[in-house]
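Have a look at the structure below before the remarks.
In the working numbering, the protein residues as written are 176 to 353.
Structure follows, in structure tokens:
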């Protein structure tokens, strides 16, 4: 992806993917989540950087990456483009970066996080095929017909309206007497 906003869009679209199993297609055993809030809290206390966002957040991104990288290596490279297997791992990474930002009182998303996710996408998902567009332009003949028919009906509709309004109004006397 070429723009940070694309990364952010991808991240937000797949934010809460649920408890999807990852591994081989034949293996339906759900893997343990690499992200645990208690571990992040312990890491923050151990880092002892004073909770400064600009100083500590890059270290926390590295911490989140370690769990993500281990899970991706366990998923094997040939499965990296298969979203049902990767969704949980990716979601855990996203949750880890969000939780770390919250604990450090950083904005989320932020430029550092966007660069981090762009790097993740370049490293792990750059060889994945782009999803095909579900819609394409209709044939030119259909476009022409769909444009010309309403356009050609405008003149007769205006003529009918003028003709209808130019006739003298004849009031129904019988209706008035009732």
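Glycine included, every Cβ here is placed at the ideal spot set by N, Cα and C. Computed from a predicted model, the values in this text were never measured in an experiment.
Quiz item: Beta carbon of residue 238, beta carbon of residue 281: below 8 Å?
Solution: Here residue 238 corresponds to residue number 63 of the chain shown, with the count starting at 1. Here residue 281 corresponds to residue number 106 of the chain shown, with the count starting at 1. Judged by beta-carbon spacing, residue 281 lies beyond the 8 Å limit of residue 238, meaning their Cβ atoms are not closer than that value.
Quiz item: With residue 303 and residue 255 assumed to form a contact (beta carbons below 8 Å), what rounded beta-carbon distance in angstroms separates them?
Solution: As a working note, residue 303 is residue 128 in the chain shown. As a working note, residue 255 is residue 80 in the chain shown. Correct: roughly 7 Å between the Cβ atoms.
Exercise. Tell me where the alpha helix (DSSP H) around residue 234 begins and ends.
Key: For the purposes of this step, residue 234 is taken as the residue at position 59 of the chain shown. Counting along the chain, the alpha helix (DSSP H) containing residue 234 begins and ends at 228-250.
Quiz item: How should residue 267 be labelled, buried or exposed, when 16 other C-beta atoms within 10 angstroms of its C-beta is the threshold for buried?
Solution: Your numbering for residue 267 matches position 92 in the chain shown. Buried, by the Cβ-count rule.
Practice problem: Report yes if the C-beta distance between residue 235 and residue 279 is below 8 Å; otherwise report no. | Solution: On the chain shown, position 60 is the one that residue 235 refers to. On the chain shown, position 104 is the one that residue 279 refers to. A Cβ-Cβ contact shorter than 8 Å links residue 235 with residue 279.
Practice problem: With a threshold of 16 other CB atoms inside 10 Å of the CB of residue 269, please say whether the residue is buried or exposed. | Solution: Residue 269 sits at position 94 when you count from the first residue of the chain shown. So residue 269 counts as buried.
Quiz item: Out of curiosity, what's the CA-to-CA distance linking residue 242 and residue 311?
Solution: To locate residue 242, count along the chain shown from 1; it is residue 67. To locate residue 311, count along the chain shown from 1; it is residue 136. Taking the CA atoms as reference points, residue 242 sits about 40 Å from residue 311.
Quiz item: What's the call for residue 309, buried or exposed, on a 16-neighbour Cβ count within 10 Å?
Solution: The residue given as residue 309 occupies position 134 in the chain shown. It counts as exposed.
Exercise. Below 7 Å CB to CB, which residues in the same chain sit around residue 275 once its five sequence neighbours on both sides are set aside?
Key: Along the chain shown, read from residue 1 onward, the residue named residue 275 stands at position 100. Residues 215, 232, 235, 239 of the same chain have their beta carbon placed closer than 7 Å to that of residue 275, with the five preceding and five following residues left out of the count.
Quiz item: With distances taken between CB atoms, is the gap from residue 260 to residue 249 smaller than 8 Å?
Solution: For the purposes of this step, residue 260 is identified with residue 85 of the chain shown, where counting begins at 1. For the purposes of this step, residue 249 is identified with residue 74 of the chain shown, where counting begins at 1. No.
Quiz item: Taking Cβ positions, are residue 264 and residue 247 nearer each other than 8 Å?
Solution: Position 89 of the chain shown, counted from the start, is the residue given in the question as residue 264. Position 72 of the chain shown, counted from the start, is the residue given in the question as residue 247. Yes.
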